[in-house]
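J.: Just passing along the structure, written as structure tokens.
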Amino acid sequence: MTIDSPQDTAAQQSDRYAAAQAALGATRYGHAEVDGAAARLAGRAWWDADADEYQASHGDFLGDAEFRWCPEGLLESEVGLLGEVAGRSVLEVGCGSASCSRWLAGRGAAPVALDISSGMLRHAEIGARRTGRHVPLVQASADALPFADDSFDAACSAFGAIPFVADLDQVMREVARVLRPGARWVFAVTHPMRWIFPDDPGPDGLTVRQSYFDRAPYVEADDEGTPTYVEFHRTLGDFVRAIEQAGLRLTDLIEPEWPAGHEREWGQWSPLRGRLFPGTAIFCCRTR
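Its first residue numbered 1, the sequence shown is counted upward by one per residue in the UniProt record's numbering.
Here it is as structure tokens:
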């Protein structure tokens, strides 16, 4: 794999990611093509290395048993994008510490929480002990779900897995496969237009640096060129086509506005940027 010339990126400079980058030996930053196997290995390694710092930074905002869709703070208890969940089996894709699944369990659902990272699932176990809400935890990749066809009544993903998997079409096909007819599939991702700006919550993050149409993933790698972090960009059209080609139906696309009085910064999310352009896209889908 060949990485473009090293870039001066916010992630490269941020103390927030320094521990994981050092642990994985990241020294090269740029854009390059990465296959599915390399992306899975990088995703597992990164989230294992970053799990403790991620939870320390964001655990208070996410909560032990709360369902927040995005850094804007949108709560499932307020918007009900999954509809009635009591008595329904729900798959959480890219669950992290599984706070969303524990919220679902508290509303009478039967959730299953899936993540590629054992480090994140360790925090899911900690959260289960702290709350007394234990949900099944499965370690697997979103493009190879280890479940039978028609296993779930709904599926969700709040910023989990999707940006880190090479084959978006395969993820959508897999989710569609394990859902029953008429089931909801709702997932939140970084809004695609954010790709054109640097990952900077301040004024420097308001200047376009990258083409919206350049889909080469952002990659961090060690001295040998082995990827240690990979994140993929898709346009809005890419997401819509992947949804439709998987036999799903897009029912809504939500772009949450930045709430008044919400002053928390989360990586590149900030009140400054949030007032000007969307940071999150939430795709609401159903199986046919």
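By construction, the Cβ of each residue, glycine as well, lies at the ideal position given by its N, Cα and C atoms.
Following a CB-centred definition, is residue 19 positioned closer than 7 Å to any heavy atom of the ligand NAP?
T.: For the ligand NAP, the structure offers nothing, since it holds no ligand at all.
J.: If contacts are defined as beta-carbon pairs under 8 Å, then residue 157 and residue 201 qualify, I think. What distance do you get, rounded to the angstrom?
T.: With a beta-carbon spacing of about 24 Å, residue 157 and residue 201 fall beyond the 8 Å limit used to define contacts.
J.: Beta-carbon within less than 7 Å of residue 147's beta-carbon, same chain only, minus the 5 sequence neighbours each way: which residues are those?
T.: 178
J.: Throw me the rounded Cβ distance for the residue 183 and residue 154 pair, which I believe falls under 8 Å.
T.: 5 Å
J.: Pick out whichever of 78, 83, 193, 283 has its Cα sitting closest to the Cα of residue 248.
T.: Nearest option by C-alpha distance: 283.
J.: In chain order, what residues of the same chain have a beta carbon less than 7 Å from the beta carbon of residue 35, not counting five sequence neighbours either side?
T.: 166
J.: Could you tell me the distance, in whole angstroms, from the CA atom of residue 24 to the CA atom of residue 242?
T.: 32 Å
J.: Can you tell me whether residue 289 is helix, strand or coil according to DSSP?
T.: In the structure as shown, the chain begins at 1 and stops at 288. Residue 289 is therefore absent and cannot be evaluated.
J.: Return the chain-ordered ranges of every beta strand (DSSP E) run that is complete within the UniProt domain "Methyltransferase type 11" (91-186) and spans a minimum of 3 residues.
T.: 110-115, 137-139, 152-158
J.: Would a C-beta distance cut-off of 8 Å place residue 163 and residue 231 closer than the cut-off?
T.: yes
J.: Please classify residue 219: does DSSP put it in a helix, a strand, or coil?
T.: strand
J.: Taking DSSP as the reference, what is the three-state secondary structure of residue 5?
T.: Reliability fails at residue 5, whose pLDDT of 45 lies under 50, so the model's placement of it is uncertain and no value is given.
J.: Residues bridged to residue 89 by DSSP?
T.: 110
J.: Under 7 Å Cβ to Cβ from residue 238, same chain only, skipping five residues before and after it: list those, please.
T.: 168
J.: In this structure, does DSSP put residue 279 in helix, strand or coil?
T.: coil
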